[in-house]
Structures are given as C-alpha cells and as structure tokens.
Amino acid sequence: MTTPEKAMYRAGHARYTYRLRVSSTARTLLLAEWNRCRWIWNEAVSKSRAVHAHNRANPDDKVTCGPAQLDKMLTEARAKTPWLAEGASVPQQQIIRDFAKSRSKALKDIEKRLPMRQRAGMPRHKKKREALPTLNYTQRGFRLKHGRLQLAGGITLTVVWSRALPAAPSSVRVYRDAVGHWCASFVVATEVQPLPATGRVLGVDWGVKETATTTTDAHDLPHPQHGRKAQAKLTRYDRMMARRKPKKAEAASKGYREAKKWRANAYAKITRQRQDTGRKWAKKVVRDHDAIAVEDFRPKFLAKTTMARKAADAAIGATKTALIEMGRKHGRVVHLVHPAHTTMDCASCGVRTKHALPLSERTYTCTACGAVSPRDKNSARVMLVRAGLNPAGVEGIRPAGALLPEGA
Numbered sequence: 000m001t002t003p004e005k006a007m008y009r010a011g012h013a014r015y016t017y018r019l020r021v022s023s024t025a026r027t028l029l030l031a032e033w034n035r036c037r038w039i040w041n042e043a044v045s046k047s048r049a050v051h052a053h054n055r056a057n058p059d060d061k062v063t064c065g066p067a068q069l070d071k072m073l074t075e076a077r078a079k080t081p082w083l084a085e086g087a088s089v090p091q092q093q094i095i096r097d098f099a100k101s102r103s104k105a106l107k108d109i110e111k112r113l114p115m116r117q118r119a120g121m122p123r124h125k126k127k128r129e130a131l132p133t134l135n136y137t138q139r140g141f142r143l144k145h146g147r148l149q150l151a152g153g154i155t156l157t158v159v160w161s162r163a164l165p166a167a168p169s170s171v172r173v174y175r176d177a178v179g180h181w182c183a184s185f186v187v188a189t190e191v192q193p194l195p196a197t198g199r200v201l202g203v204d205w206g207v208k209e210t211a212t213t214t215t216d217a218h219d220l221p222h223p224q225h226g227r228k229a230q231a232k233l234t235r236y237d238r239m240m241a242r243r244k245p246k247k248a249e250a251a252s253k254g255y256r257e258a259k260k261w262r263a264n265a266y267a268k269i270t271r272q273r274q275d276t277g278r279k280w281a282k283k284v285v286r287d288h289d290a291i292a293v294e295d296f297r298p299k300f301l302a303k304t305t306m307a308r309k310a311a312d313a314a315i316g317a318t319k320t321a322l323i324e325m326g327r328k329h330g331r332v333v334h335l336v337h338p339a340h341t342t343m344d345c346a347s348c349g350v351r352t353k354h355a356l357p358l359s360e361r362t363y364t365c366t367a368c369g370a371v372s373p374r375d376k377n378s379a380r381v382m383l384v385r386a387g388l389n390p391a392g393v394e395g396i397r398p399a400g401a402l403l404p405e406g407a
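Under the numbering used here, the first residue of the sequence shown carries the number 0, and numbering increases by one thereafter.
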C-alpha cells in the first residue's frame, strides 16, 4: 500500500493496556516517583488557589497560573530540592500538563455557566492514602527493550504481552488500579482495518429487558446479568466490611482491608465480563453489516428510577461505546439517531401516536396502517428510517443497486 493510501485509512490513536509484573525494587521506585509527582500536583493546587485569592483581592493586578508559570516553579523546585531532582523530569512535567488541562476544563465550564452538577471541579489535593499512583511518560521517557518496559530513572518492568502492539507507542501511562494491579497503557497510532462489504444494514434499539434489540433476531443482545449472578458474593463482602468498619479517626483493620480488596476484585471481574460481552457483540454486528443505525441513548437518567440496578448491570453506555469504536476501527458507517419519540413512531407508515406508550405495553399497534410488531423491534426499524437506510427488507438487506448514504 502506498503512502497516500495509508493516509486514507488512518483511524487516529488507540490505547493498548497490559498487566505488569512488578518486583519489590521496581514497586519502591514507582511509589517514590509517584510521591514526587503527587507533591508537585499539590504544590500546583496551592499556587492556583493563592493566585485566585490574589486576583480577587487585587482586580487591577491580576496574576496568571498557566503551564509556563508552573514549569518555572518546577525548575526552581528541582534546583532547590535534591529529593525532587532525584526523580525523572518527564513524569513531573506531565503531571503539570495534566493539572493545567484539568484546571482549564474547570474554568471553561465556569465561563459557560454550566450547572454545578455538569461542571468539572477545580483540581484538589491528592491525599497519600486515597490517590492511586499514575505516571505518564512521553517518548523520551521510556523504551521497549527485549520485551521489557524501561522507564526513565532506571525502572524496569516486565510486561505481560497478551497481544502484540500494532506500531511503536508514542507514550505510556503506568498506573495501579483499585484492585492493586499495576498496568501499562500504551498510546499507538492505528489504521482502519476494512472488512468486506455485506450489503446489509442494521437498526439497534437499547433497552433494559434486552440490552440491545435489533432488526434481526440473530443480532439481539440479551441481558447478561453479570452483576445479578455475583450479587450473593457482593452482599457477603459488604457485610464483612460493615462488621469490620473502623471508627472515626481509627486505622482500618487487616480484616477490613482484605474484605475491601475481595469486594473490589469481584466488581473488577463484573466490569471485565460486561466489556467482553459488549465487544464480542459489537464485533459480530460490525462484521455482518455495512451500516448501523444506533439509538443515541444516554442511560444516565435511569440511575434515578426503579430500574437503576438492572440498567447499570446492562452496561448500555459501555456497549454503545464498544459498537462505535468497533465501527470506526473497521470502517463501517455508524449513525447515531436521536431517541425522541422512537417508541411512538410507526416504522411502516411513519405516523406518530398521540400518547406515549406505557412501559407495560410491549406490543406496538399502529392506528393508521394497522401494523403490529413488538415494541422494541418497531423502534429498531425506526432507527433505520431516521438514518435514511431504507428501503430495506425485513432482514435489513438492501436491494441491488441501492446506494448506501454516507454517515454524517
């Protein structure tokens, strides 16, 4: 493939995450590096608050607190503090970039006058016992040699290569998750991997009884109920933590910490199961269809309803994200359809009912044309109509010669 053709198929960047085997020596060095970065973050928070207080008290003499001023502060601190200078400069510079990005996002939300619940909060101090270690390295701060990850500062880590990297990484993030596992997340430039054309289109409607209802029965995604199956184990760990819960200002016991770890492991397993189910379903859908009309459903409001637990277990948001990313990876057209009135429109004639259907009514009957179909199946076909993917047959097969419209 020539260079211009490669540019046509470039899809951007993706993260590839791998588990790490960390020795006791490497763990000590990583935590020491994190302590330095955490100290720099807290100093940046203190300086930002001091600048804000100064600007409020002196409107005519405003001072800025951008990346340039913070970089200058870091240079001076490294010159005066030997403990800080012992660490690598790359992760310390990146922690300032992260702070500046976080502060800038919070200030923009304030300027837009967003509601408090939608704003990104101003950066706060990272506490030693609560903040999880996270170190970011650019290309000049790490290298891969003989299958091992070598970081600036003489830290060498063993990577569990579950799959090969498609290209040389441009940056890496080394972090410890809530369960206690160390991971490395590489940023890699990716290219579209086109699949053969099938001539099929698909409409997808999200729900709670079934996670995804489509225009073809073979691609429906039933509710996996991973969280419900593990509920007994989670309840047991919750009771163990409740019995061992420390009093205020007292250190947690060993039994409490172990129960907390077991509970975190159980939730991590459920998360992996949901991601695996969503990705496998998304790969099957993308492989079998050229274009997909997906309801642009935002399940956040369900958290305040009686269906909150079941909706969270369905992982609609994660499944939708997996479908969009899989479509982008393989060059498929994914249309995001606005969900308003999709349960009230008739997929056959387009007539809208006068009143919204109650959730208990699972069959849609059109008063104009008399079409009768399951409620979710009708909504899935409405997605095809709104995305402009009709005419299509019952199975979503486009007639010969019909052009496929381009995605917006």
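Note that the Cβ used here is the ideal one computed from N, Cα and C, for glycine as well.
For residue i, which of the options has the nearest alpha-carbon?
i           : options               : result
residue 151 : 291, 30 and 87        : 87
residue 234 : 51, 339, 178 and 259  : 259
residue 222 : 125, 169, 280 and 177 : 280
residue 378 : 363, 107, 111 and 387 : 363
residue 299 : 215, 43, 317 and 247  : 317
residue 105 : 45, 91 and 120        : 120
residue 348 : 94, 319, 384 and 40   : 384
residue 11  : 192, 37 and 340       : 192
residue 272 : 215, 199, 250 and 227 : 227
residue 125 : 372, 230 and 38       : 38
residue 162 : 176, 123, 184 and 154 : 184
residue 365 : 342, 358, 359 and 382 : 342
residue 61  : 50, 71, 70 and 69     : 50
residue 297 : 254, 118, 339 and 287 : 339
residue 175 : 21, 307, 154 and 277  : 21
residue 27  : 41, 128 and 154       : 154
Quick one: what does DSSP say residue i is sitting in, helix, strand or coil?
i           : result
residue 285 : helix
residue 23  : helix
residue 389 : coil
residue 68  : helix
residue 123 : coil
residue 54  : helix
residue 233 : helix
residue 80  : coil
residue 17  : strand
residue 131 : coil
residue 116 : helix
residue 152 : coil
residue 407 : In this predicted model, residue 407 has a pLDDT of only 32, less than 50, meaning its place in the structure is not dependable; the value taken from the coordinates is given anyway. Coil.
residue 11  : strand
residue 157 : strand
residue 173 : strand
residue 352 : coil
residue 364 : strand
residue 244 : coil
residue 164 : coil
residue 371 : strand
residue 270 : helix
Determine whether the beta carbon atoms of residue i and residue j lie at a separation below 8 Å.
i           : j           : result
residue 158 : residue 146 : yes
residue 137 : residue 170 : yes
residue 310 : residue 301 : yes
residue 99  : residue 58  : no
residue 95  : residue 130 : no
residue 189 : residue 168 : no
residue 204 : residue 344 : no
residue 53  : residue 194 : no
residue 102 : residue 45  : no
residue 265 : residue 232 : yes
residue 319 : residue 218 : no
residue 293 : residue 354 : no
residue 211 : residue 220 : yes
residue 197 : residue 380 : no
residue 93  : residue 73  : no
residue 225 : residue 312 : yes
residue 135 : residue 172 : yes
Should residue i be labelled buried (16 or more other beta-carbon atoms within 10 Å of its own) or exposed?
i           : result
residue 2   : Residue placement at residue 2 cannot be trusted, given a pLDDT of 32 that sits under 50; what the coordinates show is reported in the next sentence. Exposed, since its Cβ has fewer than 16 Cβ neighbours within 10 Å.
residue 275 : exposed
residue 295 : exposed
residue 32  : buried
residue 398 : Caution is warranted here: a pLDDT of 43 is assigned to residue 398, below 50, making its placement in the model unreliable, and the coordinate value is therefore given only provisionally. Exposed, since its Cβ has fewer than 16 Cβ neighbours within 10 Å.
residue 15  : buried
residue 208 : exposed
residue 80  : exposed
residue 325 : buried
residue 109 : exposed
residue 56  : exposed
residue 387 : exposed
residue 206 : buried
Taking CB distances under 8 Å as the criterion, tell me whether residue i reaches chain C.
i          : result
residue 57 : Among the chains in the structure shown there is no chain C, since it carries only a single protein chain.
Just list the alpha helix (DSSP H) runs in the stretch 84 to 111, keeping only unbroken ones of 4 residues or longer that don't cross its boundaries, in chain order. 88 to 110
Could you tell me which uninterrupted beta strand (DSSP E) segments, each at least 3 residues in length, are contained entirely in the stretch 180 to 228, listed from first to last along the chain? If we require 3 residues or more, the beta strand (DSSP E) runs fully inside the stretch 180 to 228 come out as 181 to 190, 200 to 205 and 209 to 213.
Contiguous alpha helix (DSSP H) assignments of at least 4 residues, all confined to the stretch 274 to 350: Correct list: 307 to 313 and 315 to 328.
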